Amino acid sequence: MSAPFSAYKFVDGDYTYEVVFNAGALHEINLLSGTVFAGQFAAASTTPPATGNSNLTVSVTVNGLASGTIAVGNVPKPANEAEFCGAIQNDTTFTSIGASGGGTLTINSCSFSGNVGNISATLAVTVPVSLTIPYSVTYTYN
0 MSAPFSAYKF VDGDYTYEVV FNAGALHEIN LLSGTVFAGQ FAAASTTPPA
50 TGNSNLTVSV TVNGLASGTI AVGNVPKPAN EAEFCGAIQN DTTFTSIGAS
100 GGGTLTINSC SFSGNVGNIS ATLAVTVPVS LTIPYSVTYT YN
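Numbering-wise, the sequence shown is residues 0 to 141 according to numbering that gives the first Met the number 0.
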C-alpha cells in the first residue's frame, strides 16, 4: 500500500479487519474470515469526503471484546440522529457485508445524541458454520 493510503489490521479470533484510510479519511473496512474475504464496508459516495471540523474516534466491540479504537481527523459531525443513522441504514455496501460472508447483518439499533453515535448490529453467519456475532460501534465526534 502506498501514499496517500494507509491501513491497520485488527484480529479477533478467526476474523481480521483491515481498516484503510485515504489521506487520513476512512476509505474502507475489509472483513476476512481466516483467509476468505467475507465483506467490505466502503463509503457510498465516490466524492471526496467533505471538510469538517471534528475529530472522529470509532470504537468497535465484537462479541463483547474491544477491537481497538480508530481515530479519523477532519470529519463532519452529523446534524442529528436521522442523518447519522440514515447514512448507515441506507448504505447497501455496509448492509451487504453479511450476505457476502454467507449470512446477514442486522442493525439492531442506532442512536445519536450530542457528539456520540451508537450502532448495535448482529452478524449471523451460516457458512461454513452457523454462528451469531454481536457488534457495537461507538462514534465520538470531538
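Just so you know, even glycine gets a beta-carbon here, dropped at the ideal spot from N, CA and C. All values reported here derive from a predicted model rather than from experimental measurement.
How should residue i be labelled, buried or exposed, when 16 other C-beta atoms within 10 angstroms of its C-beta is the threshold for buried?
i	result
Ala-70	exposed
Leu-130	exposed
Gly-72	exposed
Phe-4	exposed
Ala-120	buried
Phe-36	exposed
Val-59	buried
Thr-46	Confidence is the limiting factor: at Thr-46 the pLDDT is only 46, short of 50, which leaves the residue's position unreliable and the question unanswerable from this model.
Going by Cα to Cα distance, which pick from the options is closest to residue i?
i	options	result
Ser-135	Asn-52, Val-126, Val-128, Val-115	Val-115
Asp-11	Phe-4, Val-19, Leu-31, Glu-27	Leu-31
Val-128	Ile-106, Asn-107, Gly-102	Gly-102
Cys-109	Ala-81, Ala-123, Val-57	Ala-81
Phe-68	Lys-76, Glu-17, Ala-120, Pro-75	The question names Phe, but residue 68 is Thr in the sequence shown. Taking only the C-alpha atoms, the option nearest Thr-68 is Glu-17.
Who pairs with residue i in a beta bridge, going by DSSP?
i	result
Pro-133	Thr-121
Glu-17	Lys-8, Asn-29
Cys-109	Ile-118
Just the Cα atoms here: how many angstroms apart are residue i and residue j?
i	j	result
Ala-22	Gly-63	31 angstroms
Ala-65	Thr-139	15 angstroms
Ala-86	Thr-34	30 angstroms
Lys-8	Gln-39	14 angstroms
Thr-15	Ala-24	20 angstroms
Ala-123	Lys-76	30 angstroms
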